[in-house]
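K.L.:
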Amino acid sequence: METCIGVYVSRTTAEEAVNELLKKSVPKESIVFLTRSDTEATFRDLDSAYAGIFAGGATGLGVAAVALLAVPGIGQVAAVGLGAAALLGLAGAGAGAAVGKALVATPERPAPTPGEECAEDAAFFRDVLKQNRSLVVVRTESPEIAKTASEILDRTGIGMESRTTIRMRCTSRQVDGVTILDIVGRITLGEGNVLLRDIVREHIEKGNNRLLINLEEVEYVDSSGVGELVSSFTKTRKAGGHIKLMKLNKKVRELLEATHLDRVFEIHHDEASAIKSFGEKAAGAGS
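Everything in the sequence shown is counted per this note's numbering, starting at -18 for the first residue and increasing by one.
#1: Should N230 be labelled buried (16 or more other beta-carbon atoms within 10 Å of its own) or exposed?
#2: If you drop the 5 nearest sequence neighbours on each side, which residues of the same chain put their C-beta closer than 6 angstroms to that of T121?
#3: In terms of alpha-carbon separation, which member of E198, G208, V159, V202 lies closest to I185?
#4: Please say whether L177 and S213 have beta carbons closer to each other than 8 angstroms?
#5: Can you name the residues that DSSP bridges to N195?
#6: In this structure, what does DSSP give as the bridge partners for E(-17)?
#7: Take F259 and list the residues in its own chain whose beta-carbon comes closer than 8 angstroms to its own, dropping the five residues that flank it on each side.
#8: Can the beta-carbon of S204 be found closer than 8 angstroms to that of S131?
#9: Write down the C-beta distance between V58 and H241 rounded to the nearest angstrom, noting that I regard them as a contact closer than 8 angstroms.
#10: Given this structure, state the Cα-to-Cα distance separating L33 from K5, to the nearest angstrom.
#11: Do V233 and V118 come within 8 angstroms of each other at the CB atom, strictly closer than that value?
#12: On a Cα-Cα basis, can you pick out the residue from A48, R182, E238 that is closest to R218?
#13: Taking DSSP as the reference, what is the three-state secondary structure of R17?
#14: Is I147 buried or exposed, if buried means 16 or more other CB atoms sit within 10 Å of its CB?
#15: Thinking C-alpha only, which one of A(-5), V7, P8 is nearest T23?
#16: Output the distance between the C-alpha atoms of I296 and M149, rounded to the nearest integer angstrom.
#17: When DSSP labels each residue in this structure, what does V202 get in the three-state scheme?
#18: Excluding the 5 residues preceding and the 5 following L196 in the sequence, name in chain order all residues of the same chain whose CB lies nearer than 8 angstroms to its CB.
#19: Measure how close the beta-carbons of I180 and C151 come, nearest whole angstrom, since I'm counting them as under 8 angstroms.
#20: Which whole-angstrom value is the C-beta distance of I168 and V199, which I expect to be below 8 angstroms?
#21: Using a Cβ-Cβ cut-off of 6 angstroms (strictly less than) and excluding sequence neighbours within five positions of K111, which residues of its own chain qualify?
#22: Excluding five sequence neighbours on each side, which residues of the same chain lie with their C-beta closer than 7 angstroms to the C-beta of S115?
#23: Alpha carbon to alpha carbon, how far is A60 from A66? Give it in angstroms, no decimals.
#24: Straight-line CA distance for F105 to T215?
#25: Below 8 angstroms CB to CB, which residues in the same chain sit around A83 once its five sequence neighbours on both sides are set aside?
#26: Report buried or exposed for D19, applying the criterion of at least 16 other Cβ atoms within 10 angstroms of its Cβ.
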């Protein structure tokens, strides 16, 4: 599954990205659009624009077409697309909502509490929305659709301006029970994101679930690379481990700050402090 994430300062620009995705035949089932809505005006606007387009079925984990979600700690979020509620860790609240109906707390369906367990990567999506940014997320099994979506989200959303011609390379080493992944090049669709996914999976399967990613030599990260970083964070947490970042160069640091990934990952300036932050070597850590 490929995940491409676009973060937007302007809701209007995010809407334009959604419309372009649809025009380029990206399936509506693969698209989720989230934006903060302090009033119902935004919800009504989106409902008017997209209810008919996105109508047609719902899943037990998502919202039917357009909905107004009550997200703890954030407030109301206008959501377009199936799976929006699950993306925010609100699967129970969003299941079975009717097309175009607002999701509000009722005695029969109370709003989730801040302590309610949710998807690990929901922390990222929630925090981006909390900063009044809008999100467009595309998830697909198709490499062609992912390529189209990535090109659109990279061009229209917050991203890095310059690319590097260096393909991603990664070496791993062990220091005091922590697996350090030294990455060079670019984390992009079909190249770095797949390599990063495979490497993280392999180490988790070996029991090496305390991962430190060195991004000092990474020059470019696209929307699918952002999606893979979020996915890696989730997989590692589900495996009972931790994944942290270190030595971000200026370009990557600015990207993570702009997309608020810096609020999800623990980031260190040097290797020594990063290793120390994991604590004592875990008993039986893999090698």
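A virtual CB, placed ideally from N, CA and C, is assigned to each residue, including glycine.
P.N.:
On the basis of the data shown:
#1: exposed
#2: E(-17), S11, A127
#3: V159
#4: yes
#5: D163, M227
#6: T121
#7: D157, G158, V159, R191, L193, H223, K225
#8: yes
#9: About 15 angstroms; that fails the 8 angstroms criterion.
#10: Position check: residue 33 holds Gly in this sequence, whereas Leu was assumed. Cα to Cα, G33 sits roughly 18 angstroms from K5.
#11: no
#12: R182
#13: strand
#14: exposed
#15: A(-5)
#16: Residue 296 is absent from the model: the chain starts at -18 and stops at 268.
#17: strand
#18: I164, L226, M227, K228, L229, N230, V233
#19: 6 angstroms
#20: 6 angstroms
#21: I55
#22: Y(-11), R(-8), A(-5), L15, T16
#23: 8 angstroms
#24: 10 angstroms
#25: Because A83 sits at a pLDDT of 38, beneath the cut-off of 50, its placement in the model cannot be relied upon, and the point is left open.
#26: exposed
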